[in-house]
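**Student:**
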Amino acid sequence: MRILEIMTGQEGVGRLDVVSVLAFALAVRQEEVLMNLDRSLDEETTHQVLALLKERSQGKPLAYITRRKEFFSESFFVDERVLIPRPDTETLVEAATDILNSKPNMEYVLDMGTGSGAIGLIIAKKTGKRVVCVDISPEALAVAEKNSRDLGVRDKVDFLCSDLFGGTRREKKFDMVVANLPYVAQTEWDSLMRDVRAYEPRMALDGGADGAEVYRRFVQELPHHLKTGGCVLCEIGGAGRAEQVREMLHAVGFSIVTKRDLSGNARVLLGSWTSSS
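Read in order, the letters of the sequence shown correspond to residues 3 to 279 in my numbering.
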């Protein structure tokens with residue numbers, strides 16, 4: 003079957019997604035697909051492409067099909083073991099890298115809930131700082147470690163399988179902690195997009211009854227793991243959740259600034275820690 007026939011014969015799959023799947027299956031750039039529409043594919047390749055396109059038409063995220071997702075101009079490996087990195091999360095990474103690059107004395111960073119490693123690995127690559135990537139899922143950490151090698155930062159990153167700070171010694175303090183933790187309330191679960199509910203790991207999204215249970219535990223321990231003068235950056239979805247976490251951080255002594263994403267939504271809370279503990 004010719005590439006053009008495949009591209010014009012798909013229902014329920016956007017043209018760009020079809021091109022992405024073809025490029026993935028043929029191991030070529032998307033431009034090469036579009037420049038060779040009359041190319042005939044052998045039976046095995048045609049079967050593979052059509053099977054992948056069927057998965058896409060049924061709602062499977064494109065990133066899980068191609069096993070790649072671009073984030074901060076870098077290509078990350080992703081599969082169903084980790085959340086797909088979102089463009090909105092770049093707000094957190096940009097804020098973190100700006101701070102670290104302007105303060106040479108800040109050298110030690112903790113990425114809590116690392117998942118694919120998108121946040122922590124970009125920080126390591128863009129700043130050269132030492133980063134500890136923590137996740138409760140050993141499967142997610144395996145993905146993050148692969149990405150650290152692909153991005154050439156394996157020597158700058160340590161990995162720790164832990165439920166929040168459970169595996170981190172209190173005497174080991176960080177200059178910065180970044181966190182993108184589960185913040186979806188259980189009552190909000192059914193309102194999520196179907197492809198998110200059906201394919202992405204619930205553990206990485208479910209924030210408990212009110213969406214703030216994981217952050218509540220995180221904030222309680224956080225002061226014991228930050229150096230005086232250190233800071234925390236938390237990604238938060240929605241104004242209501244942002245206000246919940248803001249109040250938690252303020253209650254334990256943080257000064258808070260809100261960072262907004264490109265859509266003007268409250269996306270990141272930046273907390274400065276000036277107390278000693």
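Beta carbons: idealized from backbone N, C-alpha and C, even for Gly.
1) If you reduce the DSSP assignment to three classes, tell me which class K158 lands in.
2) Going straight from the alpha carbon of G14 to that of S104, what length do you get?
3) Nearest-angstrom Cα distance between D44 and L183?
4) Short of 7 Å in beta carbon distance, which residues of its chain neighbour K261, apart from the five on each side in sequence? Order them along the chain.
5) What residue range is occupied by the uninterrupted alpha helix (DSSP H) comprising F220?
6) Can you give me the C-alpha to C-alpha distance between G16 and L235, rounded to a whole angstrom?
7) Give the DSSP bridge partners of F79, in chain order.
8) Once DSSP output is grouped into helix, strand and coil, what is the label at S279?
9) Would you kindly check if the distance between the Cβ of K127 and the Cβ of V155 is under 8 Å?
10) Which runs of the alpha helix (DSSP H) spanning at least 4 residues fall entirely within the region 183-269, listed in chain order?
11) In terms of DSSP beta bridges, what is R132 paired with?
12) Kindly give me the distance between the Cβ atoms of Q188 and A214, rounded to whole angstroms, as I take these residues to be in contact under 8 Å.
13) Could you check whether D113 and V133 sit closer than 8 Å to each other, using their CB atoms as the reference points?
14) Return the CA-CA distance between I125 and V111, expressed in angstroms with no decimal places.
15) What does DSSP give as the partner residue(s) for S274 in the beta ladder?
**Tutor:** On the basis of the supplied data:
1) helix
2) 47 Å
3) 45 Å
4) T93, A97, R269, V270, L272
5) 215-223
6) 36 Å
7) Paired residues: R70.
8) Here the model assigns S279 a pLDDT of 47, short of 50, so the residue's position is not dependable and the matter cannot be decided.
9) yes
10) 196-201, 215-223, 241-253
11) According to DSSP, which records beta bridges pairwise, R132 is partnered with Y110.
12) Going by Cβ atoms, the distance from Q188 to A214 rounds to 11 Å, so no, they are not a contact pair.
13) yes
14) 9 Å
15) DSSP lists C233, S257 as partners of S274.
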